[in-house]
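Heads up, the thing below is written out as C-alpha cells.
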Ligand code: ZN
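In the working numbering, the protein residues as written are 204 to 659.
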C-alpha cells in the first residue's frame, strides 16, 4: 500500500539520494576523527561546504572537545588465529572511542566486554563510550553463543590524542540576513537511517536552495551530535538572533510517515509551517528535551525556533542503533518524500508573511483594478475568493499561512493573491514583527556586552 509522503522508488531524485547515502554508509564516523573528515569531503564535492576544525580541549559551555579518536584495526582473535570479531567486516563491531589495547584473555574475562542484542540475535548493536576511557566489542548474540571456552587475543589499534572536532558549514546568502538553520549530525558509523539519510537529504536540499535567489539566508551545519552542536552554538553565540526558523534533520529514509517535533516555543512560525506541510498524513509531536540536536538548540539559554523533521523517531523503530539500520531499511521513495517535504517547508517559509490592507473600509472595487473576473490562469472563483480572504484578513496580525488555513484555500493561491493585491497597491507588507522577547533580551544583553556591532 502507498504511504503518503513516500514516492515511488523508481523516481530519479530518490535513487540519487539513496546512492549518496550508500556512499556515506561504509565510513567509520564518530564525534571526531578522519571518518567525519571523509564524510564532509564527500558532501563538499557536491556543495561548497566550509570545513572547520576546533581543537581538542576547547570548551563549549559545560562540555569540552575530547581527544580525537581514529581506528586502524580491531579484532578478537581465537586460538586458531581466526578473527571472530572483526572491525574490518563491520565498523559497529568496535565500541566507538575504544582505547588501544593488546592482550590475551579467557572468554570469561572477555565476556563483560562483548555487547549483544539478545532480542535480535542476528543484529550487531551500536555502542559508544565517548567521555569515559573504555573498550569493548559488539557482536550478534548468535556469534557470541558460538564462541568456545579458551583464550582470545584482543587487538585494538586506535589512537586517542589531542586533535580536533570537525564540522562543516554552508551559508547560502539570501536577500535578507535573517537565517534558516538546517542542522544534521554526522557522527554515526555504518547506520543508514540514523544518520546517512539526514546527510543525503540535507545535501540535496542545499543544492536545491542554491538554484534560485531566496529571501532568507540558509545555513546548513553538518556536525557531530551534542558536542558538535554545542561547539557550533559556542562559536556563533552572538549571531543567533538572526535565526528566524530552523530544522534538525535525521531519520528520513525509513518507511514511517513524516513526523515533525515542535520547537520548545511550540508556537514558532516553523511549527505552524511544518505542521501545515505535513498534513494530512504526517504526525506532529510536542517538544521534549530528548532526541537530537534540538536538545541543545532548544535549551532554555538559546530557545531557538527550531523543530525536528524525521520519519521514525529516535528509538522508535526496532532496527534503531543496530546493524539492521542498513541500506535496505531506507528507500529512495522515502528519501525523496522527505526532501520534497523540506522543499515545501522552505517554499512556505519564503512565501509567508503578514500584510496590511490599504483600503480596509469596505471591499475595494477589484473590477476597476483588473482583479475581478476570469483573467489569468487557475480557477477564477478560487482566485477571487483568495483575494477577498487576503483583503479581509490582512490586518498585520494574520499571516498568509493563517489565511490559507482559515479559508481552506491552498497556500500558493493565497500567496499569489497577495502578490497581485500588492501590485495593485491594495496591500503592503506589515512592518517586520518584533522578535520574541527572549531574542530581544539576548540581543540587548549582547549589545551591552559589546558583542554585537552596529551592522550585525
Ligand atoms: Zn543515533
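Note that the Cβ used here is the ideal one computed from N, Cα and C, for glycine as well.
Beta-carbon proximity of residue i to residue j, cut-off 8 Å
{"i": "residue 423", "j": "residue 407", "result": "no"}
{"i": "residue 465", "j": "residue 487", "result": "yes"}
{"i": "residue 544", "j": "residue 461", "result": "yes"}
{"i": "residue 538", "j": "residue 220", "result": "yes"}
{"i": "residue 484", "j": "residue 208", "result": "yes"}
{"i": "residue 270", "j": "residue 365", "result": "yes"}
{"i": "residue 224", "j": "residue 530", "result": "yes"}
{"i": "residue 417", "j": "residue 377", "result": "yes"}
{"i": "residue 259", "j": "residue 303", "result": "no"}
{"i": "residue 457", "j": "residue 532", "result": "yes"}
{"i": "residue 327", "j": "residue 295", "result": "yes"}
{"i": "residue 552", "j": "residue 476", "result": "yes"}
{"i": "residue 344", "j": "residue 320", "result": "yes"}
{"i": "residue 610", "j": "residue 588", "result": "yes"}
{"i": "residue 473", "j": "residue 420", "result": "no"}
{"i": "residue 508", "j": "residue 468", "result": "yes"}
{"i": "residue 590", "j": "residue 624", "result": "yes"}
{"i": "residue 528", "j": "residue 394", "result": "yes"}
Strand pairing of residue i, partner residues [DSSP]
{"i": "residue 277", "result": "359"}
{"i": "residue 309", "result": "354"}
{"i": "residue 479", "result": "Partner(s): none; residue 479 has no beta bridge."}
{"i": "residue 337", "result": "301"}
{"i": "residue 462", "result": "486, 513"}
{"i": "residue 558", "result": "632"}
{"i": "residue 492", "result": "Paired residues: none, contrary to the question."}
{"i": "residue 525", "result": "328"}
{"i": "residue 374", "result": "422"}
{"i": "residue 367", "result": "258"}
{"i": "residue 387", "result": "425"}
{"i": "residue 451", "result": "386, 511"}
{"i": "residue 318", "result": "341"}
{"i": "residue 446", "result": "382"}
Residue closest to residue i, alpha-carbon to alpha-carbon, out of the options
{"i": "residue 605", "options": "448, 328, 298, 471", "result": "471"}
{"i": "residue 380", "options": "447, 599, 390, 341", "result": "447"}
{"i": "residue 371", "options": "242, 307, 563", "result": "242"}
{"i": "residue 210", "options": "252, 389, 459", "result": "459"}
{"i": "residue 249", "options": "301, 405, 323", "result": "405"}
{"i": "residue 331", "options": "297, 320, 313, 325", "result": "297"}
{"i": "residue 324", "options": "443, 618, 599, 522", "result": "522"}
{"i": "residue 233", "options": "329, 588, 535", "result": "329"}
{"i": "residue 316", "options": "278, 476, 524", "result": "278"}
{"i": "residue 519", "options": "467, 564, 445, 396", "result": "396"}
{"i": "residue 441", "options": "227, 546, 265, 505", "result": "505"}
{"i": "residue 592", "options": "571, 572, 567", "result": "567"}
{"i": "residue 339", "options": "348, 318, 437", "result": "318"}
{"i": "residue 266", "options": "467, 334, 344, 524", "result": "334"}
{"i": "residue 230", "options": "218, 216, 246, 217", "result": "246"}
{"i": "residue 413", "options": "251, 218, 601, 616", "result": "251"}
{"i": "residue 621", "options": "570, 600, 554", "result": "554"}
{"i": "residue 322", "options": "312, 342, 336", "result": "342"}
{"i": "residue 616", "options": "463, 584, 348", "result": "584"}
{"i": "residue 595", "options": "574, 559, 573, 492", "result": "559"}
{"i": "residue 388", "options": "469, 572, 426", "result": "426"}
{"i": "residue 556", "options": "614, 516, 415", "result": "614"}
{"i": "residue 570", "options": "337, 276, 627", "result": "627"}
{"i": "residue 367", "options": "228, 261, 600, 633", "result": "261"}
{"i": "residue 600", "options": "629, 619, 634", "result": "634"}
{"i": "residue 630", "options": "619, 597, 618", "result": "597"}
Worksheet item: Can we say the segment 433 to 442 touches the segment 236 to 245, given the rule of at least three CB pairs closer than 8 Å?
Response: no
Worksheet item: What runs of the beta strand (DSSP E), each 3 residues or longer, lie entirely inside the segment 228 to 310?
Response: 253 to 258, 271 to 280, 286 to 289, 304 to 309
Worksheet item: At which residue ranges does the segment 582 to 623 contain complete alpha helix (DSSP H) runs of 4 or more residues, listed in the order of the chain?
Response: 583 to 596, 603 to 610
Practice prompt. Assess, as a yes-or-no matter, whether the segment 343 to 357 is touched by the segment 307 to 321 under the definition of 3 or more beta carbon pairs within less than 8 Å.
Written response: yes
Item to complete: Write down every uninterrupted run of the beta strand (DSSP E) in the segment 389 to 426 whose length is 3 residues or greater and which is fully enclosed by it, in chain order.
Response: 420 to 426
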